[in-house]
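Heads up: the sequence shown begins at 1 in full-length UniProt numbering, then just goes up one per residue.
For glycine and all other residues, C-beta sits at the position ideal for the given N, C-alpha and C.
Just below is one structure, and these are the notes that go with it.
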Amino acid sequence: MVTRKIIRGICLLLLLLTGSHGIYAVEFQRFGQDYRALAMGNTGIASATNSAVLFYNPAVMANITGWWVDYLPIEVALSDDAIELFQDSQDGGFDLDTQQKQFDFMDEQIGKKLYVKTNFKLDSGLLTNPFNNMSANLVINFNKMGFTFAANKTYESVLNVAVRNPSLPEIHASIRHDLIQQAGVSLPIGMGKWILGFTYKQVQRKELQFVYGMGDAIEEKPFPTIEDDGVEGTGSGYDIGLLYRLPNKARMVIGAVWRKEIKLDDATAVPGELAVGIAMTHEFGIFRWTLAADMRDLSFQQGSKGDKSLNRRLHAGTELGLFPMDTGLSFLTVRAGYNQGYYSAGAEITFSRAWILGYTLYTEETGEFAGQSPSARKVFYSSFGF
1 MVTRKIIRGI CLLLLLLTGS HGIYAVEFQR FGQDYRALAM GNTGIASATN
51 SAVLFYNPAV MANITGWWVD YLPIEVALSD DAIELFQDSQ DGGFDLDTQQ
101 KQFDFMDEQI GKKLYVKTNF KLDSGLLTNP FNNMSANLVI NFNKMGFTFA
151 ANKTYESVLN VAVRNPSLPE IHASIRHDLI QQAGVSLPIG MGKWILGFTY
201 KQVQRKELQF VYGMGDAIEE KPFPTIEDDG VEGTGSGYDI GLLYRLPNKA
251 RMVIGAVWRK EIKLDDATAV PGELAVGIAM THEFGIFRWT LAADMRDLSF
301 QQGSKGDKSL NRRLHAGTEL GLFPMDTGLS FLTVRAGYNQ GYYSAGAEIT
351 FSRAWILGYT LYTEETGEFA GQSPSARKVF YSSFGF
């Protein structure tokens with residue numbers, strides 16, 4: 001479990017920095033990115049057989065057997081630069097209370113990429129009433145042909161900060177708070193080789209973007225706050241997914257999903273997407289081996305204007321499970337992948353869904369093209385369930 005000290009440290013980063021990825025940044029914006037998928041190169045259009053399936057392709061729910069309930073899931077993603085700053089905050093060596101400390105922060109953080117993401121609501125209620133302030137997932141499979149229902153409630157807070165311009169430093173920052181509520185179903189067609197999936201989702205978003213420069217610090221202007229200066233919006237949309245299960249021992253599946261754009265009033269819209277993927281699974285003895293590859297954002301809605309880079313949209317990965325327990329889980333799993341031109345890796349230990357612990361290393365491209373401006377990140381995951 002995340003301790004009070006860690007939660008307070010994350011809150012400190014979010015509240016003091018109020019920020020993120022520079023306003024001119026072109027990182028692909030996707031909510032619900034899962035630690036397992038990220039370790040496998042952020043694949044999942046044909047392979048997301050876990051509780052995050054609704055964020056990837058609702059048709060893949062057909063490959064999840066039985067019931068799956070996640071409660072109190074905790075996922076925290078941190079860039080390496082944010083971890084360093086977080087450690088300073090725990091030692092009492094970080095705050096922005098004075099003008100001199102603001103100057104020092106800008107000088108020390110030039111060129112760094114501070115990124116924090118959590119899947120729980122960051123406020124005082126988290127400690128007093130965690131069940132109302134954290135995410136939850138439910139998956140129910142009704143038959144082997146693939147008739148499955150799923151629903152989830154996900155809070156997501158994302159912080160990105162970049163300090164630029166060495167001669168006259170500026171903090172380019174944004175913060176986003178989302179509440180995503182989804183429900184979906186997978187429906188077998190005929191004998192179950194073809195699966196049709198549908199997800200309905202509602203998104204509530206509050207966000208803020210700002211630039212705070214040396215001149216603002218000299219004039220002692222306060223940092224903008226999301227409460228006073230943020231914008232918000234609510235919208236709904238849907239995903240339509242398709243899965244074809246080939247009748248062979250490799251359990252090869254081909255998937256596709258189309259997501260409708262979700263407009264959110266004054267807040268940034270959730271981009272639409274067309275994506276395809278392929279996956280296969282081999283079982284031998286006490287091992288299960290999965291291979292997956294995706295092409296994401298084939299509608300070219302992400303990134304900067306005119307970004308058509310296929311390398312940024314290519315994802316591939318593999319996982320090897322020891323002592324498989326059911327369709328999506330093994331007692332011990334190791335993963336590796338290729339994401340936007342960078343390698344990823346991860347590991348997971350599972351105690352029959354009662355407790356899952358996961359760890360992922362991956363790199364996100366924050367520049368104009370693959371290989372230009374990497375941001376190395378770590379993801380920590382824990383959940384209880386049955």
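Item, Value
"Within 8 Å, do at least three Cβ pairs link the stretch 156–169 to the stretch 186–196?", "no"
"Grab the span of the beta strand (DSSP E) containing A162 for me, first residue to last.", "148–164"
"Do the CB positions of T318 and A345 come within less than 7 Å of each other?", "no"
"Of all the options V60, G341, G358, A256, which has the alpha carbon lying nearest to the alpha carbon of E348?", "G358"
"Quick one, which of F287, F28, P374, E227 has its alpha-carbon nearest V334's?", "F287"
"Could you check which residue in N42, Y238, V379, W68 has the C-alpha nearest to that of A354?", "W68"
"Let me know the secondary structure DSSP gives M295 once reduced to three states.", "strand"
"The beta strand (DSSP E) spanning G215 covers which residue range?", "Where G215 is concerned, there is no enclosing beta strand (DSSP E), although the alpha helix (DSSP H) it sits in stretches over 214–218."
"Looking at the secondary structure, which residues open and close the beta strand (DSSP E) in which R259 lies?", "253–259"
"Per DSSP, which one or two residues make a beta bridge with Q340?", "Answer is none; Q340 lacks a bridge partner."
"Counting Cβ pairs, one atom from each stretch, are 3 or more of them under 8 Å apart for the stretch 72–88 and the stretch 320–328?", "no"
"How far does the alpha helix (DSSP H) with I226 in it extend, from its first residue to its last?", "226–229"
"Taking the straight line between their C-alpha atoms, what separation do you get for N152 and Y115?", "25 Å"
"Write down the C-beta distance between M134 and F147 rounded to the nearest angstrom, noting that I regard them as a contact closer than 8 Å.", "At roughly 29 Å, the Cβ-Cβ gap does not stay under 8 Å, so M134 and F147 are not in contact."
"Suppose you measure from the CA of N141 to the CA of W258; what does that come to, to the nearest Å?", "23 Å"
"So, are the CB atoms of S375 and S79 less than 7 Å apart?", "yes"
"Use the C-beta contact count for K221: other C-beta atoms within 10 angstroms, 16 or more gives buried, fewer gives exposed.", "exposed"
"Look at A46 and A269 and say whether their C-beta atoms are less than 7 Å apart.", "no"
"Between the C-alpha atoms of M214 and L85, what's the straight-line distance to the nearest angstrom?", "20 Å"
"Closer than 7 Å by C-beta to G272: which residues in its own chain qualify, once you throw out the five before and the five after it? Chain order, please.", "R259, K260, E261, S299, Q301"
"Would you mind stating whether P58 and D297 have Cβ atoms separated by less than 7 Å?", "no"
"Taking its Cβ as the centre, do 16 or more other Cβ atoms sit within 10 Å of Y343, making it buried, or is it exposed?", "exposed"
"Just to confirm the assignment, what range does the beta strand (DSSP E) spanning A173 have?", "170–189"
"Can you tell me whether N248 is buried or exposed? The criterion is at least 16 other CB atoms within 10 Å of its CB, across all chains shown.", "exposed"
"Note the first and the last residue of the continuous alpha helix (DSSP H) segment covering A39.", "35–39"
"Buried or exposed for L364, please, with buried defined as at least 16 other CB atoms from any protein chain shown within 10 angstroms of its CB.", "Checking the displayed sequence, the identity of residue 364 turns out to be Glu instead of Leu. Buried is the call here."
"Pick helix, strand or coil for L361, following the three-state DSSP scheme.", "strand"
"Assuming T225 and Q204 make a contact with CB atoms under 8 Å, what is their CB distance in whole Å?", "About 19 Å separates the two Cβ atoms, so there is no contact after all."
"Quick check on DSSP: helix, strand or coil for F331?", "strand"
"Buried or exposed for I218, going by 16 or more other Cβ atoms inside 10 Å?", "exposed"
"Going by beta carbon distance, what residues of the same chain come within less than 7 Å of A136, once the five residues before and after it are set aside?", "D70, Y71, N152, K153"
"Output the distance between the C-alpha atoms of Q209 and R176, rounded to the nearest integer angstrom.", "9 Å"
"Consult DSSP for residue 397 and reduce its assignment to one of helix, strand or coil.", "In the structure as shown, the chain begins at 1 and stops at 386. Residue 397 is therefore absent and cannot be evaluated."
"Output the distance between the C-alpha atoms of R377 and G184, rounded to the nearest integer angstrom.", "30 Å"
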